[in-house]
Each structure stands twice: as C-alpha cells, then as structure tokens.
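Chemist:
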Amino acid sequence: MSEPPTTAPQTVDVRDDTTANRYEARVGDRLVGTARYLRTTGLIAFLHTEVEPEYERRGVGGVLVRRSLDEARAQGAAVLAACPFYAGWISRHPAYRDLLHSERSRAADRGRP
1 MSEPPTTAPQ TVDVRDDTTA NRYEARVGDR LVGTARYLRT TGLIAFLHTE VEPEYERRGV
61 GGVLVRRSLD EARAQGAAVL AACPFYAGWI SRHPAYRDLL HSERSRAADR GRP
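Residue numbers (the working numbering): 1 to 113.
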C-alpha cells in the first residue's frame, strides 16, 4: 500500500464553481474536495462538504472552508452553516462567527412581544 500524498494547505487551490453550486478544492489537476451550497441575495447556505479519503486530515477541508468564508465576507454575505463540518470549523475559529446568519426575526428586533 502506498503512502497517501502529503498536502500542505498552500498547495490547495479553491475555486467557486457557480454552475455546480459548489466550492472545489484541487491539488494540481485533481479534485480532492467540494463544499456544496445554496446562494440567495446576501446569504450562502453551506450544505455538505466532502474530501477524498486520502486527503482527509491534511488540511484540505480547513482550506476549503476558510477560503469560501473569506469570499462570503468579501461579498458581504451571511453564512448558514447547515453542514456539520462548517459549523464545527466556525465554532473553533471565532473570527468567523460574525458571518453566521442571525435567526432572529426583524419583529423580535423591534421589541415586539
């Protein structure tokens, strides 16, 4: 059995494939991870993340999440972390918690009972 490839986060290329509604992580020409999403005006809901088994625990998922969240921030979009991987990653990186979509209604914000 051969050793899995060593992947440093800086070798991971992350791109938003808007036609497929997913962020893609590539190492060279190989697709090694994806993060599916739904996007509406001002909100990106991350639904499911997958990383190829031989690239797990090598930082690929973290790079995928960080870069997609950085793009959301740059676009001024809130994030709904429906994917457990995204939710867990954000909980461990407090600098990204401000991106999370608030579930409070505007009525509650106006002090309505």
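For every residue, glycine included, the Cβ atom is placed at its ideal position computed from N, Cα and C.
Using a Cβ-Cβ cut-off of 7 Å (strictly less than) and excluding sequence neighbours within five positions of Arg22, which residues of its own chain qualify?
Modeler: Residue 22 sits at position 22 when you count from the first residue of the sequence shown. Excluding positions up to five away in sequence, the list reads Thr34, Ala35, Arg36, Tyr37.
Chemist: What do you reckon, are the CB atoms on Val14 and Leu64 nearer than 8 Å?
Modeler: Here residue 14 is taken as the residue at index 14 of the sequence shown, counted from 1. Here residue 64 is taken as the residue at index 64 of the sequence shown, counted from 1. The answer is yes: Cβ separation under 8 Å.
Chemist: For Asp17, I'd like the list of residues in its chain whose CB is within less than 8 Å of its CB, leaving aside the five on either flank, ordered along the chain.
Modeler: Numbered from 1 along the sequence shown, position 17 holds the residue referred to as residue 17. Only Tyr23, Glu24 meet the Cβ criterion.
Chemist: For Glu52, collect the residues of the same chain with a Cβ closer than 6 Å to its Cβ; drop the 5 residues on either side in sequence, then sort them by chain order.
Modeler: Residue mapping note: residue 52 aligns to position 52 of the sequence shown, counting from 1. Val32.
Chemist: Give a yes or no on whether the C-beta atoms belonging to Leu80 and Ile90 are separated by under 8 Å.
Modeler: Position 80 of the sequence shown holds residue 80. Position 90 of the sequence shown holds residue 90. No, these two residues do not count as a Cβ contact at 8 Å.
Chemist: What does a CB cutoff of less than 7 Å around Arg97 pick up in its chain, not counting 5 residues either side in sequence?
Modeler: In the sequence shown, counting from the first residue as 1, residue 97 sits at position 97. For Arg97, where only same-chain residues beyond five positions count, the Cβ hits under 7 Å are Ile90.
Chemist: Bridge partners of Arg73, per DSSP?
Modeler: Residue numbering aside, residue 73 sits at position 73 when the sequence shown is read from its first letter. Its beta-bridge partners do not exist; DSSP assigns none.
Chemist: Please classify Arg112: is it buried, with 16 or more other beta-carbons within 10 angstroms of its beta-carbon, or exposed?
Modeler: Your numbering for residue 112 matches position 112 in the sequence shown. With a pLDDT of only 46 at Arg112, under the threshold of 50, the placement of this residue in the model should not be trusted; the figure read from the coordinates follows. With fewer than 16 Cβ atoms within 10 Å of its Cβ, Arg112 is classed as exposed.
Chemist: Within the continuous beta strand (DSSP E) that includes Ala78, where are the two ends?
Modeler: The sequence position of residue 78 within the sequence shown is 78, counting from 1. Its beta strand (DSSP E) spans residues 78-81.
Chemist: What residue from His48, Ala74, Ala77, Asp29 has the CA that sits closest to Ala87's CA?
Modeler: Taking the sequence shown and counting its residues from 1, the one referred to as residue 87 is at position 87. Closest option to Ala87, Cα to Cα, is His48.
Chemist: When DSSP builds the beta bridges, which residues end up paired with Phe85?
Modeler: Counting from one through the sequence shown, the residue named residue 85 turns up at place 85. In the DSSP output, where bridge partners are listed per residue, Phe85 has none listed.
Chemist: Alpha carbon to alpha carbon, what distance is there between Ala77 and Arg58?
Modeler: In the sequence shown, counting from the first residue as 1, residue 58 sits at position 58. In the sequence shown, counting from the first residue as 1, residue 77 sits at position 77. Taking the straight line from one Cα to the other gives about 28 Å.
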